[in-house]
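S.K.:
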Amino acid sequence: MISELSQDELMVLERVIAKPELQPHFFSKVKSLKWFKAFSEKGLLAPPLNPSPVNTEGNYWNTPSWPITQYLVSSSQHLCDQDNEGYAKLYLQLIVDVTTYASEHSFSNYRTWWQFAKILRNIPSDLISISEVEIISYWLSDRFDSRLVSNEIGDWVVDLLEVPNAHNNKLTLKIFDFLFDISSTESKISSEKSEPRLNMDGYTANSIAEKSAKKAGELLGLEVVELFESKFKQAIDIEGNDQWSVIWRRAVEEHEQNSSRNDVEAITLKLFRDALLGYCNVSHDEAVNIKLCSMLDNRYQIIQRVAIYIAGESFIKLSRELRGKLLNEGFFSDHYRHELWHFLKGNFINLTADEKKQVHDVISKLVYTDESGGIESKPTAYRQSIWYYSIKEQDEEAKVLYEICTEITGKEPDHPDFSSYMSVGTVQHESPIEINELLVLLKTPEELVKSLNDYKSKGHFREPGIEGLVKKFGELVTLECDTILSHSEHLIQLKPYYLHELFSVYSSLWEAKKTLDWDSRWNEILAFSEKLLVIDNFWNDDGSNSEGAFIGNVNWVIGTLSRLIESGCKSDSHAFGIDKSSRAKRVLELILERQPGEEFNLDSDAVSIAINSPRGRCLEAYVNLALYECRNSNKETTQHSEVWGAYDPIFARELDKPDSVNEYEFAAIVGTYISNFIYLSEEWTLTNLDKIFDRSNLQRWLCAIQGYSYVSHLRPEIYALFRKHNYFELLLDSKYLKDETKNRYIEFVCVACIHELEKVDEQDGSIALLIRRANYSELETMVWFFWTQRDSQEIKIREIVFSLFPSLVALINPSTNKGKQFASRLSLWSEFIDEIDKQSKNWLMSIAPYAGYDYNADTLVENLARLSDKYPQDTYEVWKEALSRPCSIYSDESIKKLFVNLINMGADGERYAKDIADEYLRLGDSRQVSLYQEVVNEIEGE
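Per our numbering, residue 103 is the first one in the sequence shown, and the count goes up by one each step.
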């Protein structure tokens, strides 16, 4: 029996009603059901009190919490008691009323719905009607957040499945229907297409499916299987991509080859698949066969694939009729390969003799024929070897036939269970010509080249096209990588997109350290490249025949070839051999003669353009080739002037190019590689510094400035050059340079200060320049950089910080947002303070009120806690100053340490601690008040 409120409790309630700021803390403490009616009578549970979202600024919204829901959640834990059924009904009615009111007034509060979802889990399910759970649908439609609610409701579904009965099963089905409600929204790819959408995020939906789908199938049977099947079909219909299921879903089971696990199709597939697995596990054989037979006859290709997968998992229940249906020749195709391949691998040994013969008969019919009807041996052997691979460990005949096939093809099939295998996470495209057909064409390479070059793409999305054909050609190059370049006189006529794919394949094989006769392959690649680059038709191809497909042009070929050569000489442990250098150099110089530069604008990201442009990639390869030769040509001496002499003319030509040429890749690259150029020739580099950073051409100067911002070590000579020409102020004032670049040069100034190339008190120095400019963004970068060096053993860091601290504190202007943010950033420097004296206390008092403005309050509090061991009263005063403005603090241990050190002072300290706790109570921060009470209780208990 629940008692009534005492007179004292009623008085407390009146005080709380009179002082709303006390309510959050009060509602977090009371947990008894006896308060519910009093709260209701006092109007504290009225639906209009549930706050609606508030538009704070622009598109930013804040959804306030309803403090009393904290009490409702904690007290609802008692609702499962049979004696509290009356309260359970009241709570349920309150939830319905508040939701209905919000719906009628067109607002939603996901924080409230989240708390209500917790309460629903505590109400006995037999008291909840099917119509009442419809409120969940409204909760899930909240435009700001549905993750918290869906997580909680998902856990409730799991709870309900633990107690199966007729009513709970109906509730569960209805909740599943709401949770996985699917709508159609505009596709991210095209405004003319649609894609399916759930009300919750993919990660949460996937998590719910993992926890509940299989068990739901076991307990709820065919009804939930068909519900999930309908959801899955709805998603497929919206996307309209069933015919390409093998592309967007390579495997029905969870597999690393699947492109996504959190999109709607993947989630609803998981729901359907796992529920069906659960259903088949507990159902009698006849029911399983009826369901799987109907799925094999389904018009959806992906549904048929699910049936094959489930059949493999439930083999013992399959009828002879169903097995015969599965082994039909129509399923021995790429569309069903993965599922049927694994069905055979796992179950061939359990088939009857007639069924095994049926499999052999089907595989023997998988042939390729030429125009005269003759069987093409190599493609046919490759195709058949795929299927023999799945059963060769279970069948001696299959093993023999597999070995015969691989002897014909000369290799074992890679990833035979997949029609296309994705080595990296990229979109795969279907090819109009299969690999087996390309292998046939390769017998007459001139026909192969003609067929590839003459192909015209239809251009329909997700249908076989030029993208797929280019990738399939890449597979051919991979299979025939040892011999295909022997046909170079024909391959040289290929369109640029095929050439790009050819170089890309060899680049991937080289990076993967594939075992090949690389000495021969590199000779072939470089010889092929030399011949290619002197053909005018290659350079004149504008890529128009690619029909707009994103597959490559001449620029792509040059970029990939340059990267390939670069990778061949960048690392001495994996290089193409010094004997290849002269030929590689010739290839790169042929490119530099004809490859134009990219367009640069004054505000361009110069380094990004340079290293990604074909000319820039070639220049990077050229630099790395020069470095490789210098490292390896004469190891007995450190001098490599002879090697440098061979490269000097090209680099000099790049540096001295007239402005009219409009090529700026080298300007950015020489800045980025300045340390490498110093290694190649210190004399050349230092002599040409004025040219490298010449400001007479603004575009070239901006490129060099951006390039140098990427170096890791500061060169005194370059720093001196920048000071001499006042470049620091010029680049900081530049409207064309991004903040990241400017910040890097501010860091250079800080490094120069540490290494005594710069002095803090130098009036015409760069540190003084930054302080005079009083630009908060620049100063914050300086503050941040020195803070990142806090663990350095250099005593100079602390000296520099203490020299700068008073000047920076003096620059704080709390009347502006940027000024407050800067003060907050200065809180980081509290870490350098080990003693509190008059000066350091003044610094701390100046920054304390703004510490939380840029999320640095925790850092300040942690350091105050450290200092409170020796200076408890001083830290109390700074702490209280920090509380003049509300801010969130999550450093619980630091807060408790501050309270402990105050209370340990004695009576005054206890008063100070109580004063701080009252400040937190005033600010509505019940968490810190709770920490104070914990400390008091711990000390009193000692």
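Glycine included, C-beta positions come from ideal geometry on N, C-alpha and C.
Drop a sphere of 10 angstroms on the beta-carbon of Ala268, count the other beta-carbons inside from all chains shown, and report buried for 16 or more, exposed for fewer.
M.R.: Burial call: exposed.
S.K.: Alpha carbon to alpha carbon, how far is Thr454 from Leu394?
M.R.: Their Cα atoms are separated by approximately 20 Å.
S.K.: Since Arg733 is in the alpha helix (DSSP H), which residue starts that stretch and which ends it?
M.R.: Its alpha helix (DSSP H) spans residues 716-734.
S.K.: Can you tell which of Val260, Gln195, Ser248, Ala204 has the C-alpha that lies nearest to the C-alpha of Ser231?
M.R.: With distances taken between Cα atoms, Ser231 lies closest to Gln195.
S.K.: Can the beta-carbon of Val572 be found less than 8 Å from the beta-carbon of Glu613?
M.R.: Cβ atoms of Val572 and Glu613: not closer than 8 Å.
S.K.: Which stretch, first to last residue, makes up the alpha helix (DSSP H) that contains Glu388?
M.R.: 387-398 is the extent of the alpha helix (DSSP H) around Glu388.
S.K.: If the criterion is Cβ atoms closer than 8 Å, does the pair Gly1026 and Arg987 meet it?
M.R.: Going by C-beta atoms, Gly1026 is not nearer than 8 Å to Arg987.
S.K.: Suppose you measure from the CA of Phe824 to the CA of Val656; what does that come to, to the nearest Å?
M.R.: The alpha-carbon atoms of Phe824 and Val656 are separated by roughly 39 Å.
S.K.: Would you call the CB atoms of Leu839 and Ile807 closer than 8 Å?
M.R.: For Leu839 and Ile807, yes; Cβs fall inside 8 Å.
S.K.: Rounded to the nearest angstrom, what separates Ile412 and Leu379 at their Cα positions?
M.R.: Answer to the nearest angstrom: the Cα atoms are 7 Å apart.
S.K.: Quick test of your reading: Tyr470 and Pro515, contact by CB under 8 Å. State the CB separation rounded to the nearest angstrom.
M.R.: No, Tyr470 and Pro515 are not in contact; Cβ-Cβ is about 15 Å, not under 8 Å.
S.K.: Quick check on this structure: which residue in Asn703, Asn1006, Ala876, Phe417 has the alpha carbon closest to the alpha carbon of His386?
M.R.: Taking only the C-alpha atoms, the option nearest His386 is Phe417.
S.K.: Measuring only the C-alpha atoms, how far is Ile902 from Val963?
M.R.: Each residue's Cα considered, the two are about 23 Å apart.
S.K.: Three-state secondary structure (DSSP) at Val156?
M.R.: Strand.
S.K.: Within the chosen definition, does the region 482-499 reach the region 304-321 through at least 3 CB pairs nearer than 8 Å?
M.R.: The region 482-499, when compared against the region 304-321, does not touch it at the 8 Å Cβ threshold.
S.K.: Tell me, to the nearest whole angstrom, how far the beta carbon of Glu441 is from that of Val327; I am working on the premise that it is less than 8 Å.
M.R.: About 18 Å; that fails the 8 Å criterion.
S.K.: What does the Cβ neighbour count give for Thr883, buried or exposed, with the cut at 16 atoms within 10 Å?
M.R.: Buried is the call here.
S.K.: Less than 6 Å between C-beta atoms, sequence neighbours within five positions excluded: which residues of the same chain meet that for Gly527?
M.R.: With a pLDDT of 40 at Gly527, under the threshold of 50, the modelled position of that residue is not reliable, and no figure is offered here.
S.K.: Does the region 671-681 come close enough to the region 696-707 that 3 or more CB-CB pairs lie under 8 Å?
M.R.: No, the region 696-707 is not in contact with the region 671-681.
S.K.: Excluding five sequence neighbours on each side, which residues of the same chain lie with their C-beta closer than 7 Å to the C-beta of Ser521?
M.R.: Once the five neighbours on either side are set aside, the close Cβ partners of Ser521 are Val348, Asp436, Arg439.
S.K.: In three-state terms, what does DSSP make of Arg688?
M.R.: Helix.
S.K.: On the DSSP bridge assignment, give the partners of Glu288 in chain order.
M.R.: Ser296.
S.K.: Grouping DSSP H, G and I as helix and E and B as strand, with all else coil, what is Ser1028?
M.R.: In this structure, Ser1028 counts as helix in the three-state DSSP scheme.
S.K.: With DSSP as the reference, label Thr918 as helix, strand or coil.
M.R.: If DSSP states are grouped into helix, strand and coil, Thr918 belongs with coil.
S.K.: Among the residues of its own chain, which have a CB less than 6 Å from the CB of Phe563, if the five just before and after it don't count?
M.R.: Reliability of the predicted coordinates at Phe563 is poor, the pLDDT of 44 falling under 50, and the value obtained from them is presented with this limitation in mind. Closer than 6 Å at the Cβ level, and outside the excluded window around Phe563, lies no residue.
S.K.: Closer than 8 Å is the cut-off here; do at least three beta carbon pairs connect the region 298-305 with the region 238-249?
M.R.: A contact exists between the region 298-305 and the region 238-249.
S.K.: Look up Ile653 in the DSSP assignment and say whether it is helix, strand or coil.
M.R.: Ile653: coil per DSSP, three-state reduction.
S.K.: Nearest-angstrom Cα distance between Ile340 and Val175?
M.R.: Their Cα atoms are separated by approximately 39 Å.
S.K.: Secondary structure at Ile938, three-state DSSP: helix, strand or coil?
M.R.: Here Ile938 sits in coil by DSSP.
S.K.: Any contact of the region 710-719 with the region 659-668, i.e. 3+ C-beta pairs under 8 Å?
M.R.: Short answer: they touch.
S.K.: In the region 767-819, which residue ranges form an unbroken alpha helix (DSSP H) of at least 4 residues, counting only runs that do not cross its ends?
M.R.: Counting only runs of 4 or more, we get 767-774, 776-782, 784-789, 791-794, 800-810.
S.K.: Measuring alpha carbon to alpha carbon, tell me which residue in Lys316, Val408, Trp443, Arg422 is nearest Asn383.
M.R.: If we check each option's Cα against that of Asn383, Lys316 comes out closest.
S.K.: What are the partner residues of Thr471, as DSSP defines its beta bridges?
M.R.: BP columns for Thr471 point to Ile477.
S.K.: Lys687: which of Trp620, Leu146, Leu727, Leu550 sits nearest, CA to CA?
M.R.: Answer by Cα proximity: Leu727.
S.K.: By alpha-carbon positions, which one of Lys922, Ala870, Phe934 ends up nearest to Ser894?
M.R.: Looking at the Cα atoms, Phe934 is the closest of the given residues.
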